[in-house]
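Chemist: Before I ask anything, here is the structure I am working with.
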Amino acid sequence: MDGAIVIERVYTRDIQVPLDANDPDFICGWRSIPVPPSLDGLWVIFDCSKDNATGWRRIRLA
């Protein structure tokens, strides 16, 4: 029997990184970088609204 298709949706907080690598105190500013929930499987962004969180989705067989 074939496995069931599972659609997972997860939200993660974006991390803040300095605009310049030599500016660890964020004096020159920062930007947000989306981070996937895990490295296992192919995660795709489905929600990138401006709330400092990113929605990720993946489809897999159970």
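When we follow this note's numbering, the leftmost residue of the sequence shown carries the number 2, and every step to the right adds one. All residues carry an ideal CB built from backbone N, CA and C; glycine is no exception. Being a predicted model, the structure only gives us computed values, none of them experimental.
1. Ignore the nearest five residues each way along the sequence and tell me which others in residue 27's own chain have a CB closer than 7 angstroms to its CB.
2. Under a three-way DSSP split, which group does residue 21 fall into?
3. How many Å lie between residue 59 and residue 25 at the Cα?
4. List the whole-angstrom C-beta distance separating residue 49 from residue 38, where the pair is believed to meet the contact cut-off of C-beta under 8 angstroms.
5. Which residue comes first and which comes last in the beta strand (DSSP E) that contains residue 57?
Modeler: With the given structure in hand:
1. Counting from 1 along the sequence shown, the entry for residue 27 is found at position 26. These residues qualify, in order along the chain: 19.
2. Within the sequence shown, the letter at position 20 stands for residue 21. Reduced to three states, the DSSP call for residue 21 is coil.
3. The sequence position of residue 59 within the sequence shown is 58, counting from 1. The sequence position of residue 25 within the sequence shown is 24, counting from 1. Their backbone Cα atoms lie some 33 angstroms apart in a straight line.
4. Indexing the sequence shown from 1 puts residue 49 at position 48. Indexing the sequence shown from 1 puts residue 38 at position 37. Between the beta-carbon of residue 49 and that of residue 38 there is about 15 angstroms, and that puts the pair past the 8 angstroms contact cut.
5. Working through the sequence shown from its first residue, we reach residue 57 at position 56. Counting along the chain, the beta strand (DSSP E) containing residue 57 begins and ends at 54-62.
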